[in-house]
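Report on the following structure.
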Amino acid sequence: MKIIVCIKQVPDTNEVRINKETGTLIRQGVPSIINPDDMHAIEQALRIKDSREDVHVTILCMGPPQADVAIREAYAMGADKAILLSDRVFAGSDTWATATILAAAIRHIGEYDIILCGRQAIDGDTAQVGPEVAEFLGLPQVTYVQGLEITGSTVVVTRATEDGYMVIESPMPVLLTAIKDLNEPRYPRMKAIYAAYEEGEHIAFWTNADIQADLSQIGVKNSPTNVKKSFVPERSRTSVELTGAPAEMAGELIKRLAAMDSVKIIGRDAT
Amino acid sequence: MQQQETQKYSGILVYGSHNDEGPSEGMLELLGEAGRLQRQMDRPCRVHALLIGDDVQRFAPELGWNGADEVICIEGEAYRDYRPDLYIDALEAAIEQVKPEIALILATVQGSEMASSAAVRLRTGLAAHCVELRFDQDAYVQVVPAFAGKILGDIYCPDTRPQMATIKKGMFERAEVDSRRTCRVRMLEVVNSRAFDPIRLISSVRDQKTEDVDIGSAEVVIGGGLGIGSKEHWEQLEQLASLFHGAVGCTRPALDQGWTEREDSMIGTSGAVIHPALYMSIGISGAAHHTCGIKDPKLHIAINRDPHAAIFATADIGVAEEWDTILPLLIDRLAQRKEA
Ligand SMILES: Cc1cc2nc3c(=O)[nH]c(=O)nc-3n(C[C@H](O)[C@H](O)[C@H](O)COP(=O)(O)OP(=O)(O)OC[C@H]3O[C@@H](n4cnc5c(N)ncnc54)[C@H](O)[C@@H]3O)c2cc1C
Chain D
1 MKIIVCIKQV PDTNEVRINK ETGTLIRQGV PSIINPDDMH AIEQALRIKD
51 SREDVHVTIL CMGPPQADVA IREAYAMGAD KAILLSDRVF AGSDTWATAT
101 ILAAAIRHIG EYDIILCGRQ AIDGDTAQVG PEVAEFLGLP QVTYVQGLEI
151 TGSTVVVTRA TEDGYMVIES PMPVLLTAIK DLNEPRYPRM KAIYAAYEEG
201 EHIAFWTNAD IQADLSQIGV KNSPTNVKKS FVPERSRTSV ELTGAPAEMA
251 GELIKRLAAM DSVKIIGRDA T
Chain E
1001 MQQQETQKYS GILVYGSHND EGPSEGMLEL LGEAGRLQRQ MDRPCRVHAL
1051 LIGDDVQRFA PELGWNGADE VICIEGEAYR DYRPDLYIDA LEAAIEQVKP
1101 EIALILATVQ GSEMASSAAV RLRTGLAAHC VELRFDQDAY VQVVPAFAGK
1151 ILGDIYCPDT RPQMATIKKG MFERAEVDSR RTCRVRMLEV VNSRAFDPIR
1201 LISSVRDQKT EDVDIGSAEV VIGGGLGIGS KEHWEQLEQL ASLFHGAVGC
1251 TRPALDQGWT EREDSMIGTS GAVIHPALYM SIGISGAAHH TCGIKDPKLH
1301 IAINRDPHAA IFATADIGVA EEWDTILPLL IDRLAQRKEA
């Protein structure tokens, strides 16, 4: 069984600071991590590998050359091969173009039974790339996967919904997107980390020359959407800080609440 | 991107969600926003609402009252439960039929996946989780958040149609209901060319919803964070909320602690968007992940013992105190009041 896991390297959003004037990210000093949902996708692939003999796991990541750290880390968790897709012509791709590139790479890999992605990346939060890759490859898809079982030639997937869950059976090949509830990711092993930094076929660097994505469909120029401008949302609240003894503050709050038309204080007797 | 003949597209298509009783609040909000865009356009524009399901035609009038000019129904037993392959075919077919210049899709779990796939098939762009939609001169601008809402970006989709967007529930306001408004109903048959036969729904489970107030539509929301400290303490938030017939919301860490079971009450990028009149945040630090789920409350009161907490920057009234010195007093006094 062949599994491909698509991952992305992202800046740790908790650490991200914004330049208020330019509305852009201050990348300096911000640690890069494997996107959290993607960690669950990797872990699930490795669990399948642990549970049977015939599994081969390939990590696929599109990103700048520095994203080699991410593929090496994913490899060290237990994958068989890790590929970084990096090329100037990919730069500025929106989700549509990114999915075009990933789909071309997956076709180039050739064989696959399961493609796992994280549900969404913490930088753009779009949740679009997984489904888009499925569509480009003409595969069935199940997103928001919180449970997964393989039964013969099909997968039985538990998918989270807003108010519960669904159990869906799908043929393979299939594309699945993982959420946090799916599993607890493992840590890489020390020995494997060293191996991840050794040269060999297990760590590959591909450009568009390898995967032959249609140049008229990718990159900033050919993306259907483009970002004209980014900016910092305005938070124009002027806050008043209350002072005094707790009882006074509580009294002041009640005064303010009672003055609001749309807020009804029903009190205890009414319930 | 290959240029499409963009002028062949007109109107706005809205796809939301419904339950057995009717269209969801989120769907009506999208219709409200579609109406606002419609009024800003200087060319003829119709608002088309799409319903996919079993026996859904009965909801058409309500969509009309809320702003739809036409309701497109894709009906049948096959659509009783969500199946990605059939539903994506349906959305694609509706868009092919209507050829709208704008499509608004509610960012539910299923809506997000349907929109992504449909965008690929239709070879057009999709902007995720838009927080604002507007026209700039003649160009349509979709504003999306990035980095948990710390920055926003103006997205344009100049050459392809429809210009698609997903939008979270709670982001926009619904229109005034006008029960004299009528709308056309169009039934659409879909040939499922791309359905994957063996995809099968084995079961579908819905959590028992309590009688609690829905956080998305509540006028008063009491939000609790990690600072609350324990499940016993959490009950005080419930008490306070009940005095307003309000809802209790939470941050992710509070949910992870198990102080509330209600996953749907988490506020923020990965959870609900709320737009209450009153939001009271208690023991919440004010991470962007959380605050971008709070939409224009009339009054935001923040209680946090750390005077430098980021939450105070988004609040109208700040109380830099231990919450448990204030809350019992508030509950006590409010409980004694009755609506005048
Ligand atoms: C991809 C991703 C998505 C996320 N999505 C969401 C989301 O949708 N919603 C969300 O909420 N979070 C989300 N988070 C988490 C988010 O980044 C923050 O970690 C979270 O919002 C912080 O929650 P908190 O304020 O409850 O906890 P903390 O940040 O720990 O803050 C607790 C606060 O309580 C105060 N406090 C402590 N004791 C007291 C006391 N006795 N009295 C008064 N104040 C007290 C402290 O001063 C502190 O400010 C997400 C994170 C990631 C990485």
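Sequences listed follow chains D and E, in order. 1 is the number of the first residue of the first sequence in the working numbering; add one for each residue after it. 1001 is the number of the first residue of the second sequence in the working numbering; add one for each residue after it. Where is the CB? At the ideal position from N, CA and C, for every residue including glycine.
- Against chain E, a Cβ distance below 7 angstroms from D:S262 picks out E1219, A1277 and K1298.
- Close to E:T1251, with beta-carbon spacing below 9 angstroms, lies no residue of chain D; the smallest spacing is near 13 angstroms.
- When secondary structure is reduced to three states using DSSP, E:T1325 falls in the helix class.
- By the Cβ neighbour-count rule, E:P1198 is exposed, with fewer than 16 other Cβ atoms within 10 Å of its own.
- Listed in chain order, the positions of the region 145–164 of chain D with a beta carbon within less than 8 angstroms of a beta carbon of chain E are T154, V156, R159, A160, T161, E162, D163 and G164.
- Ranked by Cα distance from D:P64, the options D:A104, D:R107 and D:V10 are led by D:V10.
- In this structure, E:G1067 places its C-beta atom within 9 angstroms of the C-beta atom of E:A1175.
- Residue environment for D:G244: exposed (fewer than 16 other C-beta atoms within 10 angstroms of its C-beta).
- Residue environment analysis places D:S153 among the exposed positions, since fewer than 16 neighbouring C-beta atoms fall within 10 angstroms of its C-beta.
- In this structure E:K1168 is buried. Its beta-carbon is surrounded by 16 or more other beta-carbon atoms within 10 angstroms.
- D:I179 is not a Cβ neighbour of D:Q141, given a cutoff of 9 angstroms.
- Secondary structure at E:W1234: helix, using DSSP grouped into helix, strand and coil.
- By the neighbour-count criterion, in which 16 or more other beta carbons inside 10 Å mark a residue as buried, D:K8 falls on the buried side.
- Per DSSP, reduced to three states, the secondary structure at E:P1145 is strand.
- One thing to note: D:F231 has its Cβ within 9 angstroms of the Cβ of E:L1152.
- By the Cβ test, the region 1268–1286 of chain E is in contact with the region 1224–1237 of chain E, since at least three Cβ pairs between them sit closer than 8 angstroms.
- Proximity to E:S1116 across E:Q1137, E:E1101 and E:Y1087 peaks at E:Y1087, based on C-alpha coordinates.
- Assignment of beta-bridge partners to E:M1187 by DSSP yields E:C1073.
- Within the chosen limit of 8 angstroms, ligand 1 does not reach the beta carbon of E:M1280 with any heavy atom.
- Contact of D:A127 with chain E is assigned, a C-beta pair being separated by under 9 angstroms.
- Residues of chain D with a Cβ closer than 7 angstroms to the Cβ of E:C1157 are, in chain order, P224 and T225.
- Taking 9 angstroms as the cut-off, the Cβ atoms of D:A192 and D:M77 count as close.
- The set of residues with CB atoms less than 5 angstroms from any heavy atom of ligand 1 reads, in chain order, D:I122, E:G1225, E:L1226, E:G1227, E:T1251, E:R1252, E:P1253, E:G1268, E:T1269, E:S1270, E:G1271, E:G1283, E:I1284, E:S1285, E:A1287, E:H1289, E:H1290, E:N1304, E:R1305, E:D1306, E:A1309, E:E1322 and E:W1323.
- Counted as a single uninterrupted DSSP element, the beta strand (DSSP E) harbouring E:A1247 occupies residues A1247 to C1250.
- By the criterion of a C-beta distance shorter than 8 angstroms, E:C1250 is surrounded in its chain by G1223, G1224, G1225, W1259, T1260, R1262, S1265, M1266 and I1267, once the five residues flanking it on both sides are discounted.
- For the region 1109–1134 of chain E, the beta-carbon criterion of a distance under 7 angstroms to any beta-carbon of chain D is satisfied by V1109, S1112, E1113, S1116, S1117, A1119, V1120, R1121, T1124, G1125, L1126, A1127, A1128 and H1129.
- C-alpha of E:L1050 to C-alpha of E:R1058: approximately 13 angstroms in a straight line.
- For E:E1062, the uninterrupted alpha helix (DSSP H) segment begins and ends at A1060 to W1065.
- Rounded to whole angstroms, the separation of the alpha carbons of D:I71 and D:M190 is 15 angstroms.
- Judged by their CB atoms, E:G1016 and E:L1037 are not nearer to each other than the 9 angstroms cut-off.
- Among the CB atoms of chain E, none fall inside 9 angstroms of the CB of D:R27.
- Annotation: E:V1248 has no Cβ neighbours in chain D at a cutoff of 7 angstroms; minimum Cβ distance is about 14 angstroms.
- Using a CB distance cut-off of 9 angstroms, E:D1154 counts as an interface residue toward chain D.
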